[in-house]
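Trainee:
2 protein chains.
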Amino acid sequence: MSLAEDGQPVRAKRLPRAVRERQIVDAAVSVFSRLGYHDASMDEISEVAGISKPMIYAYLGAKEDLFAACIHREATLLLEAVVGGIKVGQPPDVQLWHGLRSFFGFVGEHRESWRVLHRQSIAQGGPFTEELMAMRQRAISLVAAVLMRTGSDEGVGEAASVAGEPLAAALVGAGESLADWWLDHPEESPSSIAARLMNLVWMGFGNLVEDRVWKPPRDE
Amino acid sequence: MSLAEDGQPVRAKRLPRAVRERQIVDAAVSVFSRLGYHDASMDEISEVAGISKPMIYAYLGAKEDLFAACIHREATLLLEAVVGGIKVGQPPDVQLWHGLRSFFGFVGEHRESWRVLHRQSIAQGGPFTEELMAMRQRAISLVAAVLMRTGSDEGVGEAASVAGEPLAAALVGAGESLADWWLDHPEESPSSIAARLMNLVWMGFGNLVEDRVWKPPRDE
DNA sequence: GAGTAAGGCTACGGATGAGTAGGTAATCGG
DNA sequence: CCGATTACCTACTCATCCGTAGCCTTACTC
């Protein structure tokens, strides 16, 4: 238990429910990220949140519910960041570029969120996967829409239009694991990571080995 | 406890240690894959293996050791499959194609192995990640070597040679998550999955949206 | 400034599951 | 055929940790 300097037990200051809920989810994301779902104990989360355990149960329910709340909040934030980064009316490669930059920008600034979101929720399976699947599906649709827009503008080829969704899935997957890889190689900048993936998926190795690379437009 | 039809307790038949160890690891892979590291209990593994729990401890040590043994065995098998699938002396795109096909072929026939290897070991972190990292690094080096060979043959461009390793990392990552995606969309064939990734990383979207696709050579 | 609702706490029950102690039966070298 | 070795088992101990019962205490409300 926490004791003040005079040895008296410390009671947390009274705060409105909304604020506490935020603090609790913050703490939970941090602990889940560091220890994983199972090794994270409700006791530790409550300690990090600066509050006692029964409050978590009162506000956010059981451990599963708490975890689901984490997933949901972080997924929403991530998607908003990516959607917000894309400017309509641009050519598709530029849209893709901005989307990737927003994505890696978010992951770079919220590594803990990403760790919980991707690694943990995938590994747990069950009810958590659904939340993640929903987000991934939205991301895939987004990418597919960008590609299809190109198609309708310029008369897309048969192969691409038929395979739009799975290709988008592959790209989203590539982004996910490159982000994972990045967790373990944190020295790179978000833009440089985004550029790597952009070159890989837009130009392809076939072009890259002959030094034909993709470059962002002037205005960045 | 297991009882025979006459109500007598059943004692497992005596078998040499090597055989039992194999059975135990087989059972462990299956249970870890289905339930995840933490929810898998040693009791259930012993039951699936058709043997009692102390035998596991006697032969393979604690739960962590058992899991590490699973990772190690499956990783070795996977890498051997991929390396064995690549024929030297072929052009780089064909080598890549064969490597991808072997990879997805293995994952398709050993979904349980892949689930343990990738999803579980990544999520657990700690000592298990190392084993996986080592394997991934070997895969990355392999891919990088294929790309670099192209470079020295045809005078590779500055961008590609500088970025060889990270690009290979991105490709390996893309393969990993496409395999993960595949776990949840099992209706596709291994070749079709491999072809998707091949097109994505070799041709790039830039080509695909204009219907320029990559096709395997005549002899498959 | 009493009443009350909402924020906060300590301390425990109960389940689960890792790991072990200590003993029995089958095989093998002599 | 007889130790000795090795395979194998049942039945526990002990720690961890989720979730809750029951009880204070602070701050608005009239």
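In order, the protein sequence lines correspond to chains A and B.
Residues 1 to 220 in our numbering are what the first sequence spells out, letter by letter.
Residues 221 to 440 in our numbering are what the second sequence spells out, letter by letter.
We put the beta carbon where it would ideally sit given N, CA and C, even for glycine.
As the structure is a prediction and not an experimental result, all values here were calculated from the model.
(1) Which same chain residues, not among the five before or five after B:Lys273, have their C-beta less than 7 Å away from its C-beta?
(2) What do you reckon, are the CB atoms on A:Ala40 and B:Gln340 nearer than 8 Å?
(3) Measure the alpha-carbon distance for B:Asp246 versus B:Ala414 and round it to whole angstroms.
(4) Keeping to the same chain, check which residues put their C-beta closer than 8 Å to that of B:Arg321; ignore five residues upstream and five downstream.
(5) A:Gly85 CB to nearest chain B CB: under 8 Å?
(6) Once the 5 residues before and after B:Leu298 are set aside, which same chain residues still bring their CB inside 6 Å of it?
(7) What three-state label does DSSP hand B:Asn427 in the structure shown?
(8) Please state the DSSP three-state secondary structure of A:Lys13.
(9) Just to make sure I have the definition right: I need the residues of chain B whose C-beta is within less than 7 Å of the C-beta of A:Gln120. Which are they?
(10) Could you give the distance in angstroms between the alpha-carbon of B:Ser253 and the alpha-carbon of B:Cys290?
(11) Using a Cβ-Cβ distance under 8 Å, would B:Ser397 count as near chain A?
(12) What does A:Trp181 reach in chain B if we use C-beta pairs closer than 8 Å?
(13) Under 8 Å between C-beta atoms, does B:Phe348 make it to chain A?
(14) Taking B:Gly325 as the query, report the chain A residues whose CB atoms sit under 7 Å from its CB, ordered along the chain.
(15) Determine the closest residue to A:Gln95 out of B:Ala238, B:Phe425 and B:Lys435, with distance taken between C-alpha atoms.
(16) Are B:Glu284 and B:Leu337 touching if we call contact CB-CB under 8 Å?
(17) Cα separation between A:Met203 and B:Leu417?
Mentor: So, from the data block:
(1) Taking C-beta separations shorter than 7 Å and ignoring five residues to either side along the sequence, the partners of B:Lys273 in its chain run Met262, Asp263 and Ser266, following chain order.
(2) no
(3) Roughly 27 Å between the two C-alpha positions.
(4) Gly305, Pro410, Ser411 and Ala414
(5) no
(6) The residues are Phe326.
(7) Helix, per DSSP.
(8) coil
(9) Ala343
(10) Going by the C-alpha atoms only, they are around 11 Å apart.
(11) yes
(12) Ala389, Ala390 and Gly393
(13) no
(14) Chain A residues near B:Gly325: none, gap ~18 Å exceeds 7 Å.
(15) B:Phe425
(16) B:Leu337 sits away from B:Glu284, with the two beta carbons spaced by 8 Å or more.
(17) 14 Å
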